[in-house]
Amino acid sequence: DDGKLDAIAIDIRGNVGGYMPAGVEAANLFLPARAHIIAEVDKSGAIKGYDADGIGAETSTPLYLLVDGRTASAAEIFAGALQDNQRAVVVGSKTFGKGRIQNVQPLENGSGLAIT
433 DDGKLDAIAI
443 DIRGNVGGYM
453 PAGVEAANLF
463 LPARAHIIAE
473 VDKSGAIKGY
483 DADGIGAETS
493 TPLYLLVDGR
503 TASAAEIFAG
513 ALQDNQRAVV
523 VGSKTFGKGR
533 IQNVQPLENG
543 SGLAIT
């Protein structure tokens, strides 16, 4: 055995995600520089794109993602970016399909309000 990985399988079934930046950062680990991850479109139609910066350590080993109906939010961003860039094969059932980005807005008292 040469010690190399034959493939990587990541199980994100039941992963309800989290905040959008986490999905972008996770996808960045597996994508080459300039690979498109996601685009944010605000209510005025302004677009902010997120692309991989090339720091990904693992961009060639075959990758498989396991998903299900509870895979949501940042986990969907992660899976979608890797699938759209032909970096991973996504296996399982349809994901939650949230389609919205959740952000935390800081409040004056130091707490935050999560807005979807």
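Heads up, this note's numbering is the position in the sequence shown plus 432, with the first residue counted as 1.
In this text, a Cβ means the ideal position worked out from N, Cα and C, and glycines have one as well.
Inclusion of Thr493 and Ile442 in the CB contact set at 8 Å is not warranted, their separation being larger than that value. Less than 8 Å separates the beta-carbon of Asn460 from that of Ala484.
Straight through space, the alpha carbons of Ala471 and Tyr496 are spaced by roughly 23 Å. Ranked by how close their Cα comes to the Cα of Ala513, the residues Gly435, Asp438, Ala546 and Arg466 have Arg466 in first place. Under the three-state reduction of DSSP output, Gly488 falls in the coil class, being neither helix nor strand.
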